[in-house]
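Just below is one structure, and these are the notes that go with it.
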Amino acid sequence: MPFVETYTYPQTRKRTSDSYVKFSPDHRVVLRMLDNQAKLIWKHWIPEANAGRGMMANCPNTASVRECPIEKSLVGLAKDDPKVIERRAKKRYVVNVLDRTPYTVCSSCNENTPKGKNCNNCQAALKGSQDYAPLNRVKLLESGPQLFATNLMQVEKLQKEDFPDNEITDYDIVFMTSGTGRERKIAATPQPPSDLEADALLDKETGEEQKRFDLDLLSEPSSIEEIELMLSGATIDEINAARGIA
Ligand SMILES: [Zn+2]
Ligand SMILES: [Zn+2]
388 MPFVETYTYP QTRKRTSDSY VKFSPDHRVV LRMLDNQAKL IWKHWIPEAN
438 AGRGMMANCP NTASVRECPI EKSLVGLAKD DPKVIERRAK KRYVVNVLDR
488 TPYTVCSSCN ENTPKGKNCN NCQAALKGSQ DYAPLNRVKL LESGPQLFAT
538 NLMQVEKLQK EDFPDNEITD YDIVFMTSGT GRERKIAATP QPPSDLEADA
588 LLDKETGEEQ KRFDLDLLSE PSSIEEIELM LSGATIDEIN AARGIA
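Numbering (the numbering used here), first residue to last: 388 to 633.
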């Protein structure tokens, strides 16, 4: 793969939910994988962090170092204790993707909205005659084993039968979502291999290649100090300030 610029450490830490792919039953999502391999990260959900809105922390435990304050707080509790179910480290996978969901400009509110029955922003009905173009924005796809180890592995396996010479980065994948919360189901369907448009990876404003996320930075273990700040309800800004990131 040619050299691609990645976000710096402070930029990575200050990413927002806008950087992540969101699935919705209201519209299909089309993604092109940009990395061949997703990164596995063990994460804890800390509900009291970020002034009670909750945040994820990367578990600092390794095979030899067992110093994670969250794991320590769960010692002695039963496996099915609600606190254990909520807080134990869970497998998350993360990968850079190009979000190629078809978007259009809503004629009622002039905002960009994904293809669906209604505008995502003002709920006005979208006309069938709208012009749609792929969003083509680099984002992160983060999810659990259900999506990665089951759906995407299956996609790759099926696609290899028809296109043995192609990698998962060579074709778009369409994701259809049904239901929400625990009932949510996502079906992934691969499209035939295709080249991206020449400008697909460029930033629409600067014309430069869009930066990617450094998966090693994203998977860096959270420090003990940081986890303790989260447990005391600190906000993202407070946690970044404690680490010298303005
Ligand atoms: Zn942990
Ligand atoms: Zn609208």
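Ideal Cβ positions, reconstructed from N, Cα and C, are used throughout, including at glycine. A quick note: this is a predicted structure, and the numbers were derived from the prediction, not measured.
- With a cutoff of 7 angstroms, HIS414 does not count as near ligand 1, since its C-beta is closer than that to no heavy atom of the ligand.
- Per DSSP, reduced to three states, the secondary structure at ARG599 is strand.
- For LEU539, the CB contacts under 7 angstroms within the same chain, skipping 5 residues up- and downstream, are ALA575 in chain order.
- For ARG479, the enclosing beta strand (DSSP E) begins and ends at 477–486.
- With a minimum length of 4 residues, the unbroken runs of alpha helix (DSSP H) contained wholly in the stretch 525–586 fall at 540–549.
- According to the DSSP assignment, LEU618 belongs to the alpha helix (DSSP H) that extends over 611–618.
- Where PRO501 is concerned, the enclosing beta strand (DSSP E) starts and stops at 499–501.
- Segment contact: the stretch 440–455 against the stretch 408–427, fewer than three CB-CB distances shorter than 8 angstroms; contact not assigned.
- Exclusion of the five residues before and after GLU595 leaves LEU589 as the residues of its chain whose Cβ lies within less than 8 angstroms of its Cβ.
- Sixteen is the threshold: when 16 or more other Cβ atoms of the shown chains lie within 10 Å of the Cβ of PHE562, as they do, the residue is buried.
- In this structure, ALA436 is the residue among GLN541, ALA436 and LEU418 with its C-alpha nearest to the C-alpha of THR622.
- For PRO447, the CB falls within less than 7 angstroms of some heavy atom of ligand 1.
- When the five nearest sequence neighbours on each side are left out, the beta carbons in the same chain lying within less than 8 angstroms of the beta carbon of GLU613 are those of ALA444, ILE626, ALA629 and ARG630, in order along the chain.
- In this structure, ALA476 lies near CYS446, with their beta-carbon atoms less than 8 angstroms apart.
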